[in-house]
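First to last, the sequence lines map onto chains A and B. Take the first sequence: its letters are residues 1 to 587, numbered as in the UniProt record's numbering. Take the second sequence: its letters are residues 1 to 587, numbered as in the UniProt record's numbering. Here's the structure we're looking at; comments come further down.
Number of protein chains: 2
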Amino acid sequence: MGTKTTCRRLIKAPASQMLVVACIFMLLVESSAGSKARHFKWDVEYVFWSPDCIENVVMGINGQFPGPTIRAKAGDTVVIDLTNKLHTEGVVIHWHGIRQFGSPWADGTASISQCVINPGETFTYRFKVDKAGTYFYHGHYGMQRSAGLYGSLVVDVEDGRKEPFHYDGEFNLLLSDWWHESVHHQEVGLSSNPLRWIGEPQTLLINGRGQYNCSLAARYSNSSSSQCQLRGSEHCAPEILHVLPNKIYRLRIASTTALASLNLAIGNHKMVVVEADGNYVTPFAVDDLDIYSGESYSVLITTNQDPSNNYWLSAGVRGREPKTPQGLSVLNYRPNSASKLPASSPPTTPAWNDYAHSKSFSNKILALMGSPKPPKNYDRRITLLNTQNKINGYTKWAINNVSLTLPPTPYLGSIKYGLRHAFQQNSPPESFSNDYDVMKQPVNPNTTTGNGVYILAMNTTVDIILQNANALTANVSEIHPWHLHGHDFWVLGYGEGKFDPKKDEKKLNLKNPPLRNTAVIFPYGWTALRFVADNPGAWAFHCHIEPHLHMGMGVVFAEGIQHLTKIPQEAIACGLTGKMLMTANHN
Amino acid sequence: MGTKTTCRRLIKAPASQMLVVACIFMLLVESSAGSKARHFKWDVEYVFWSPDCIENVVMGINGQFPGPTIRAKAGDTVVIDLTNKLHTEGVVIHWHGIRQFGSPWADGTASISQCVINPGETFTYRFKVDKAGTYFYHGHYGMQRSAGLYGSLVVDVEDGRKEPFHYDGEFNLLLSDWWHESVHHQEVGLSSNPLRWIGEPQTLLINGRGQYNCSLAARYSNSSSSQCQLRGSEHCAPEILHVLPNKIYRLRIASTTALASLNLAIGNHKMVVVEADGNYVTPFAVDDLDIYSGESYSVLITTNQDPSNNYWLSAGVRGREPKTPQGLSVLNYRPNSASKLPASSPPTTPAWNDYAHSKSFSNKILALMGSPKPPKNYDRRITLLNTQNKINGYTKWAINNVSLTLPPTPYLGSIKYGLRHAFQQNSPPESFSNDYDVMKQPVNPNTTTGNGVYILAMNTTVDIILQNANALTANVSEIHPWHLHGHDFWVLGYGEGKFDPKKDEKKLNLKNPPLRNTAVIFPYGWTALRFVADNPGAWAFHCHIEPHLHMGMGVVFAEGIQHLTKIPQEAIACGLTGKMLMTANHN
Numbered sequence: 001m002g003t004k005t006t007c008r009r010l011i012k013a014p015a016s017q018m019l020v021v022a023c024i025f026m027l028l029v030e031s032s033a034g035s036k037a038r039h040f041k042w043d044v045e046y047v048f049w050s051p052d053c054i055e056n057v058v059m060g061i062n063g064q065f066p067g068p069t070i071r072a073k074a075g076d077t078v079v080i081d082l083t084n085k086l087h088t089e090g091v092v093i094h095w096h097g098i099r100q101f102g103s104p105w106a107d108g109t110a111s112i113s114q115c116v117i118n119p120g121e122t123f124t125y126r127f128k129v130d131k132a133g134t135y136f137y138h139g140h141y142g143m144q145r146s147a148g149l150y151g152s153l154v155v156d157v158e159d160g161r162k163e164p165f166h167y168d169g170e171f172n173l174l175l176s177d178w179w180h181e182s183v184h185h186q187e188v189g190l191s192s193n194p195l196r197w198i199g200e201p202q203t204l205l206i207n208g209r210g211q212y213n214c215s216l217a218a219r220y221s222n223s224s225s226s227q228c229q230l231r232g233s234e235h236c237a238p239e240i241l242h243v244l245p246n247k248i249y250r251l252r253i254a255s256t257t258a259l260a261s262l263n264l265a266i267g268n269h270k271m272v273v274v275e276a277d278g279n280y281v282t283p284f285a286v287d288d289l290d291i292y293s294g295e296s297y298s299v300l301i302t303t304n305q306d307p308s309n310n311y312w313l314s315a316g317v318r319g320r321e322p323k324t325p326q327g328l329s330v331l332n333y334r335p336n337s338a339s340k341l342p343a344s345s346p347p348t349t350p351a352w353n354d355y356a357h358s359k360s361f362s363n364k365i366l367a368l369m370g371s372p373k374p375p376k377n378y379d380r381r382i383t384l385l386n387t388q389n390k391i392n393g394y395t396k397w398a399i400n401n402v403s404l405t406l407p408p409t410p411y412l413g414s415i416k417y418g419l420r421h422a423f424q425q426n427s428p429p430e431s432f433s434n435d436y437d438v439m440k441q442p443v444n445p446n447t448t449t450g451n452g453v454y455i456l457a458m459n460t461t462v463d464i465i466l467q468n469a470n471a472l473t474a475n476v477s478e479i480h481p482w483h484l485h486g487h488d489f490w491v492l493g494y495g496e497g498k499f500d501p502k503k504d505e506k507k508l509n510l511k512n513p514p515l516r517n518t519a520v521i522f523p524y525g526w527t528a529l530r531f532v533a534d535n536p537g538a539w540a541f542h543c544h545i546e547p548h549l550h551m552g553m554g555v556v557f558a559e560g561i562q563h564l565t566k567i568p569q570e571a572i573a574c575g576l577t578g579k580m581l582m583t584a585n586h587n
Numbered sequence: 001m002g003t004k005t006t007c008r009r010l011i012k013a014p015a016s017q018m019l020v021v022a023c024i025f026m027l028l029v030e031s032s033a034g035s036k037a038r039h040f041k042w043d044v045e046y047v048f049w050s051p052d053c054i055e056n057v058v059m060g061i062n063g064q065f066p067g068p069t070i071r072a073k074a075g076d077t078v079v080i081d082l083t084n085k086l087h088t089e090g091v092v093i094h095w096h097g098i099r100q101f102g103s104p105w106a107d108g109t110a111s112i113s114q115c116v117i118n119p120g121e122t123f124t125y126r127f128k129v130d131k132a133g134t135y136f137y138h139g140h141y142g143m144q145r146s147a148g149l150y151g152s153l154v155v156d157v158e159d160g161r162k163e164p165f166h167y168d169g170e171f172n173l174l175l176s177d178w179w180h181e182s183v184h185h186q187e188v189g190l191s192s193n194p195l196r197w198i199g200e201p202q203t204l205l206i207n208g209r210g211q212y213n214c215s216l217a218a219r220y221s222n223s224s225s226s227q228c229q230l231r232g233s234e235h236c237a238p239e240i241l242h243v244l245p246n247k248i249y250r251l252r253i254a255s256t257t258a259l260a261s262l263n264l265a266i267g268n269h270k271m272v273v274v275e276a277d278g279n280y281v282t283p284f285a286v287d288d289l290d291i292y293s294g295e296s297y298s299v300l301i302t303t304n305q306d307p308s309n310n311y312w313l314s315a316g317v318r319g320r321e322p323k324t325p326q327g328l329s330v331l332n333y334r335p336n337s338a339s340k341l342p343a344s345s346p347p348t349t350p351a352w353n354d355y356a357h358s359k360s361f362s363n364k365i366l367a368l369m370g371s372p373k374p375p376k377n378y379d380r381r382i383t384l385l386n387t388q389n390k391i392n393g394y395t396k397w398a399i400n401n402v403s404l405t406l407p408p409t410p411y412l413g414s415i416k417y418g419l420r421h422a423f424q425q426n427s428p429p430e431s432f433s434n435d436y437d438v439m440k441q442p443v444n445p446n447t448t449t450g451n452g453v454y455i456l457a458m459n460t461t462v463d464i465i466l467q468n469a470n471a472l473t474a475n476v477s478e479i480h481p482w483h484l485h486g487h488d489f490w491v492l493g494y495g496e497g498k499f500d501p502k503k504d505e506k507k508l509n510l511k512n513p514p515l516r517n518t519a520v521i522f523p524y525g526w527t528a529l530r531f532v533a534d535n536p537g538a539w540a541f542h543c544h545i546e547p548h549l550h551m552g553m554g555v556v557f558a559e560g561i562q563h564l565t566k567i568p569q570e571a572i573a574c575g576l577t578g579k580m581l582m583t584a585n586h587n
């Protein structure tokens, strides 16, 4: 596609010389900028793997877990021919953080941006990575992310450009959590009455590697855990970060956990945060970093500690009472042996419910000077109340009392072609009742399912107030990291209790709010976001905790779909759009 | 569909009075025959269930396992609106033994007769049950049958007709085998190099009920198994057959095992076999009955034993060294308590490798006088060598050295529309090398995958010689029950060693061979079948052992597809047929 294809067509077709000249010029520009298409051929299939030294079935790509890392330069086009080699399951892959300007059908969300790729079929994802940063990709159908379908996507700056910070080397750390029970089993439990919750993860993984029922750091603890016996070649052998003393390293850290909010720290080393979700931030130093599912960060570390030692890198659970041992990795100062255990025990994770610590960290994240600023005013404000509810006895999560159940026909096609029976045509509620007490359990916990869409006017500025509340159990309000597809948003602020426009509006940060694609709501709090609906497509906005989304915790935005001239047939060749395309020739 | 719909259309359309009169007449005939449409609304979804007292995830229908029993009368039209409520898996259901005359798109075979039904979608199966008998239904995608997707389908004789035997009551027994490991896990093992075999089943189930790790009959045995403690209301509580003394009962017995060949016996009671696979046979009495996966039988028992006792009904493994305890059920002579244990231990299953016993049983099965006779001559003979092979180190089963891998586009549509890229256009081999030694391991064990089709000329008579051989291991040749879709075949005979036309042809039974849809090949033997290719459609013919089919042990026949005037779009709205229907308006 792109310039080359268009030009080839133009050159073949009767065209004015001017056009041909323009084309040649465009081709030159394209190649002079150094951007190119990067092709990948991937097979998705289950493999036996031992992420935490316990063998299990994992959803892999090309026989690997995690999937291969994609590395590209800003401006490149990434092309992935994805073949589904599963036996009975459909599959899609979402490119988390990539905005998919002009390619909303490549966003990889089942029921929203495309039909699932059925077994034996190949779908080509083709999209531009327009912005340098730390991203990742993952399954976005059922709970296939939890099944292991994920990997890293790193976009470097264009040739000739520089990052606004210096580093001598870099490492890529993809964090996840792991259960021994299959996701199929988990899904049945989540859809059962009474609910069977998935429980806490058995293991935390760093680049798909963790240890179950033993500890790499057992020698420091008084606990009963035994020292892990690793031969070094196992799937579960820890990631080792080999560094030289007195250098600066960039750690790219992303979390694709199904559930766990994490805190990451490195023994003795401060971390300077420089990037969040593919956007530069004003650098700030921390001892530890909170990272929620769906987020990514770059931090710089300086290897200025005693070079005769190695140091632990540790990830532990926040926001829920931790029942899962820390995930560990080793910062190995060369020429020490990588297997030399660090002199001190791994850094301790801050208390799981020390929300002041978490909020303090979140509030430090501010845009780097020169970053795009938010419009001063919003055109539409949507307030989204997050509650846990019941429907016919089944436990659900709901937004403004509607629990999302996705339709079989993807919105992108059904909106484009005005298929009114494909989903509920009324817009979901813009807000919730004024007298709702977010500090108490829902008085009437019953809710409804729904699949309506928030249709956003093209190029308008939308404010979202994410409002947290008490869950079904008294005195419980959970953390939810909300992720927006197709856009970055500015995080205008976090607050306590119910958002009060009169009081809270003026506290919002319109000066240097960070651009992100994921933001958390703290227990009993609110988070204010602003974005411009400038990307024609149908976009999920949802809690990135996989079982929460499975239980209905999401909404769908759509804008400017009428501006899309041609949606590839293969993206919408199912359900009611498939039927429509078959009964009338729409080519 | 059928007469009513056609008539409605005719009556609406400008039509001659003659036609209208004819229609009214046909409607009268239809209703006077008492045949009707029987509607079912089914949801397929995973449920927690304890088939053998151990909780697991089972593929159920409308929250039940096994699925609901369909009961209809010969001539009825069965209509099932099947909704897929699974989260990420497609689904189809095959109506085992129903020939689907005029409705080949309702045969329920993924990649052959239809596209899979994707999550959230509904597909309507509509087909005529034209012949009274004992049938069943089951998933036919991946290994979803093993996951529990099955149930019974019983067709009674038309009103005013009688069965050619008398009975006072009847029971329906659906036999299956059960593993604790999920089928997803099993599938990965079967697709791995080296092969990880699924092993023997943990439990045998009768109507979805069995007991793991305890025995209903422990009190009789010297073994270490403990007596099962059942409260009677569990999923795994045994099926009780409540009978009155001195009556005749019909037991409808069908086997949908994934692997196990079974032998069924009832303490002290002889069984008179009267039906096999929906066809009447010359009655014969046996003490025990061999039943292979894919087969069904009706037997008559007379409750003429000591009425103060109850009696065990027992199913045990044949053909493989049994590592699975017998499945048990109780014949409860009323008014004895159902929980009164029988006076003697359950009947002993004949030695697993007593093939003489098995062959003797198979050879007793002969058509009832008056049954359709086979054509005297065949038009085409296809000899199918069954071997275990390797492909790039992966263990497969192959037929004439081709291991079947199904294409994503169903044959029914791709053949109809001449889509030559949908599958290999060359016909698979008609036979195998003359000098192949079926008694030895394959000299060159390597084989190829393939998805070619045997195109049969319409209304020709086809002979199939199923030829067994040595597997990859020396001195091993396994039992394979082959099942044909869309037709019954006559079983002309069984023989030892390699089929030799000169010697063996004259031994074939053309006088009263039984009509069946499933027939076994014994170790190192051959089985000769004959059928008339009289049913336009694409039809699977395969080993009914689920992991064997998964490993490639099947072929596809197709005949008369050009005679099909309209294949419902929803059956072929995927893959290359879907694409074709979208690029050209074929309505």
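Every residue gets a Cβ at the ideal spot worked out from N, C-alpha and C, and that includes glycine.
Distance from the CA atom of Phe531 of chain B to the CA atom of Ile561 of chain B, rounded to whole angstroms, is 17 Å.
In this structure Met271 of chain A is buried. Its beta-carbon is surrounded by 16 or more other beta-carbon atoms within 10 angstroms. Straight through space, the alpha carbons of Asn509 of chain B and Leu529 of chain B are spaced by roughly 10 Å. Among the residues facing chain B, Thr88 of chain A is included, as its CB has a counterpart in that chain under 8 Å away. Taking 4 residues as the minimum length, the alpha helix (DSSP H) runs contained wholly in the stretch 169-254 of chain B are 183-190, in order along the chain. Ranking B:Phe489, B:Gly452, B:Cys115 and B:Ser255 by CA distance to the CA of Leu366 of chain B puts B:Phe489 first. Of all C-beta pairs linking the stretch 506-522 of chain A to the stretch 574-583 of chain A, fewer than three are shorter than 8 Å, placing the two stretches out of contact. Following the DSSP letters along the chain, one finds Ala519 of chain B inside the beta strand (DSSP E) bounded by residues Thr518 to Ile521. Cα atoms of Arg381 of chain B and Gly452 of chain B: separation of roughly 17 Å, rounded to the nearest angstrom. Per DSSP, Leu549 of chain A is one residue of the alpha helix (DSSP H) stretching across Glu546 to His550. Counting only runs that start and end inside the stretch 423-464 of chain B, the beta strand (DSSP E) elements of at least 3 residues fall at 448-450 and 454-456. Phe171 of chain B is positioned such that its CB atom lies closer than 8 Å to that of Leu241 of chain B. Fully enclosed beta strand (DSSP E) runs of no fewer than 3 residues occupy 122-128 and 133-139 of the stretch 97-151 of chain A, in order along the chain. With fewer than 16 neighbouring CB atoms inside 10 Å of its own CB, Pro164 of chain A falls in the exposed class.
Within chain A, the C-beta atoms nearer than 9 Å to that of Ala573 of chain B come from Ala573, Cys574, Gly578, Lys579 and Met582, in chain order. Residue burial annotation: Thr447 of chain A is buried, with at least 16 other C-beta atoms found within 10 angstroms of its C-beta.
DSSP, read as helix, strand or coil, puts Glu496 of chain B in strand. In the pairwise beta carbon analysis, the stretch 237-257 of chain B is classified as touching the stretch 292-301 of chain B: at least three pairs are separated by under 8 Å.
Around the beta-carbon of Val443 of chain B, fewer than 16 other beta-carbon atoms lie within 10 Å, marking it exposed. Here the stretch 67-74 of chain A lies against the stretch 147-155 of chain A, with 3 or more beta-carbon pairs under 8 Å apart. For Asn332 of chain A, the uninterrupted beta strand (DSSP E) segment begins and ends at Gly327 to Tyr333. CA-to-CA, the gap between Ile248 of chain B and Thr303 of chain B works out to about 6 Å.
Pairing Glu55 of chain A with Trp49 of chain A, the inter-Cα distance amounts to about 5 Å.
Within the stretch 40-71 of chain A, the residues whose Cβ lies closer than 9 Å to any Cβ of chain B are, in chain order, Glu45, Tyr46, Val47, Phe48, Asn56 and Val57.
Taking 9 Å as the upper bound on Cβ-Cβ separation, chain B lies near residues Ser182, Val183, His184, His185, Glu187, Val188, Gly189, Ser191, Ser192 and Arg196 of the stretch 173-201 of chain A. The Cβ atoms of Ile266 of chain A and Leu195 of chain A lie no closer than 8 Å to each other.
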